[in-house]
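Asker: This structure is in structure tokens; I'll ask about it shortly.
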Amino acid sequence: MIRTCTLTGQPFEIRQEDLKFLEEISPVFQGKKYPLPAPDLCPTARMQVRLAQRNERFLYHRKCDLSGKQIISCYSLDKPFPVYENDEWYSDKWDGKEYGMEFDFTQPFFEQFGKLRARVPRLARILEKPYENSDYCNTASQVKNCYLLFSSNQNEDCYFGSWVNQCRSCVDSLNVENCELCYECVGCRDCYALRYGRDCIGCRESFFLRDCQGCSNCFGCTNQVNKQYMVFNAQKTKEEYKAFLKGVNIGSYSEMEQAKEKIESLLGDPIVKEYHGTNLEHCSGDYLRNCRNAYRCYEANNIEDCSYCQCLQNCKTSMDQSYWGQGTELIYFTQACGYNCYHILFSNICWSECSNLLYCDHCFSCRNCFGCVGLRKDEYCIFNKQYSKEEYGKLAGKIIGHMQKTPLRSPSGSFAGYEWGQYIPPSLSIYAYNETLAQEQVPLTREEVLKRGWLWLDEEEQEKQYMGPPFEQPDTIDGVTDSICNRILHCKATGKPYKIIPQELKFYKQMNIPIPRLHPDERHRRRLQLRNPGD
């Protein structure tokens, strides 16, 4: 089946497998099945609207609206809803059902859902317990002593990374797993003390590797397997390698920049893999491992019978799911749902033993809820209001019938389908579009965003920020003292101010790595350019 995307105007295919999946997961209330319609948006647009609900990197100082304590939050001060410090949000000091609303059948579902979202208190940062000493992390779980780590799980002493999992003491990372003491690595796993690595597996004590596996003590190599003591893809003896490395000041910023240029000129355009993946059966996409029947999926491990998904682990029989997994099944059109969740539809940030949720947001350990926000361990709730099992089934079916008849409009005002089967519109996002991952994957200008009726954040002008006195960084890490942690540094590419934190400096000293000259956001942006963006 070929349809025209109501957001992009481009044709896209709906497979028979997609329709079969939608039939399988269509909800049933009081013995009646409510069929899920075929998507009106193409796969890229569906990803875009999901990620328009996901802010990772924009953090703000504000006060907790429950205690008044100063906190770090992913919500700016202008948000309409209360924001609670995480431990207080999880406490018994409040109950999401206090904000319950009666559903009004004279109004659109999404309009009412937006009003509920504007009332219910929010977690200051999206963190799943346990977490420790990681105040500047967001969209993460089980992190200890981490800083500016996003979309990451089970890490300790890691800084400046996204999609980092089961790692220790890694800095400036993107999509790394089970690594330790690694720096500026992208798409690597099972590596130790690898610096400037890209798409490597099981490599150790090496520099500037790309598409290498099982290598150790190598410098500036590509497409090598189980090699040792190689320089620029040429074999050396152990003594020759040590002599070469002794002649390179790896702690010098200028020498490392020269090394990068030399590697590019010597190696040219290396042979690259058709795709990045291991142990795959009937799969398409990229950066996949231990997957079966995965269609157009990216950055996923241990998934089966999944389509149009990104950044997942341990997930079965799901479609249009972005982020997380860890024991999820029958998930459709969701963002950040995980930890043993089952049959979750059109929801955002729901985790820990959730099941049978429709259009829920920030609900944890909940079952059989529809249109709820900020609930914990609740069941049979609609718009945060408690019902009996029988009342719930009857009202849920009636609301779906209402949504099936309520039209949506595209940014141009044209008909864009009916509410039932659509994800939370970006116009109702609690973030500005350029605060979200949607801007990373589908970048738009300010004018384009506002034309669509979505929010845009106008950042503070650079010249209005305090930039501190001029500071000339030493070229080598040996020349850097602890006083640099009290300085404001300026990104050489964007001019944005940034700082070096003490634990970061300790890592650079330990690994003999020069101080970065770029702002963390710019470093992240450049790492993204090394990856296949997916769709």
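For the sequence shown, this note's numbering assigns the number -18 to the initial residue and increments by one for each residue that follows. Here a beta-carbon is modelled for each residue, glycine too, at the ideal position from N, C-alpha and C.
Going by Cα to Cα distance, which pick from 296, 468, 498, 386 is closest to residue 86?
Answerer: When only C-alpha atoms are compared, the closest one is 386.
Asker: When the Cα atoms are used, what is the spatial distance from residue 52 to residue 494?
Answerer: Roughly 32 Å between the two C-alpha positions.
Asker: When the distance is taken between beta carbons, is residue 328 closer than 8 Å to residue 309?
Answerer: Contact flag unset, no.
Asker: Using 8 Å for Cβ pairs, my map puts residue 206 next to residue 194. What's the rounded Cβ distance?
Answerer: Right, the Cβ-Cβ distance comes to about 5 Å (below 8 Å), so this counts as a contact.
Asker: According to DSSP, is residue 79 part of a helix, a strand, or is it coil?
Answerer: Of the three classes helix, strand and coil, the one that applies to residue 79 here is helix, per DSSP.
Asker: Run the CB neighbour count on residue 58, radius 10 Å, all protein chains shown included, and call it buried at 16 or more, exposed below.
Answerer: Its Cβ having fewer than 16 others within 10 Å, residue 58 is exposed.
Asker: Decide yes or no for the touch test of the segment 35 to 50 against the segment 414 to 427: beta carbon pairs closer than 8 Å, at least 3 of them.
Answerer: Judged by Cβ distances under 8 Å, the segment 35 to 50 makes contact with the segment 414 to 427, as three or more pairs qualify.
Asker: Using beta-carbon positions only, say whether residue 178 and residue 244 come within less than 8 Å of one another.
Answerer: Contact flag unset, no.
Asker: Tell me the residue span of the beta strand (DSSP E) that contains residue 273.
Answerer: From DSSP, the beta strand (DSSP E) with residue 273 extends over 266 to 276.
Asker: If we require 3 or more residues per run, which beta strand (DSSP E) segments fall completely within the segment 321 to 387?
Answerer: Segments of the beta strand (DSSP E) lying fully in the segment 321 to 387: 323 to 326, 329 to 332, 336 to 339, 342 to 345, 348 to 351, 360 to 363.
Asker: DSSP three-state label for residue 462, please.
Answerer: If DSSP states are grouped into helix, strand and coil, residue 462 belongs with coil.
Asker: Since residue 67 is in the alpha helix (DSSP H), which residue starts that stretch and which ends it?
Answerer: Its alpha helix (DSSP H) spans residues 67 to 70.
Asker: Just list the residues that DSSP pairs residue 300 with in beta bridges.
Answerer: 288, 313, per the DSSP bridge assignment.
Asker: Per DSSP, which residues does residue 125 bridge with? Please list them.
Answerer: 113, 137.
Asker: Using the Cα positions of residue 181 and residue 262, report the straight-line distance between them to the nearest angstrom.
Answerer: Going by the C-alpha atoms only, they are around 21 Å apart.
Asker: Compare the C-alpha of residue 411 against each of 233, 425, 239, 435 and name the closest.
Answerer: Ranking 233, 425, 239, 435 by Cα distance to residue 411 puts 435 first.
Asker: Would you check if the segment 132 to 140 and the segment 105 to 121 touch, i.e. whether three or more CB-CB distances between them fall below 8 Å?
Answerer: Yes, they touch.
Asker: Considering only residues of the same chain and omitting the five flanking positions on each side of residue 218, which have a CB-CB separation below 7 Å?
Answerer: 210.
Asker: Secondary structure at residue 197, three-state DSSP: helix, strand or coil?
Answerer: Note: residue 197 maps to strand in three-state DSSP.
Asker: What's the gap between the Cα of residue 331 and the Cα of residue 158?
Answerer: Distance between the alpha carbons of residue 331 and residue 158: 24 Å.
Asker: Over what stretch of residues does the beta strand (DSSP E) that includes residue -15 continue unbroken?
Answerer: From DSSP, the beta strand (DSSP E) with residue -15 extends over -17 to -15.
Asker: First and last residue of the alpha helix (DSSP H) that includes residue 505?
Answerer: Looking at the DSSP string, the run of the alpha helix (DSSP H) that includes residue 505 is 501 to 509.
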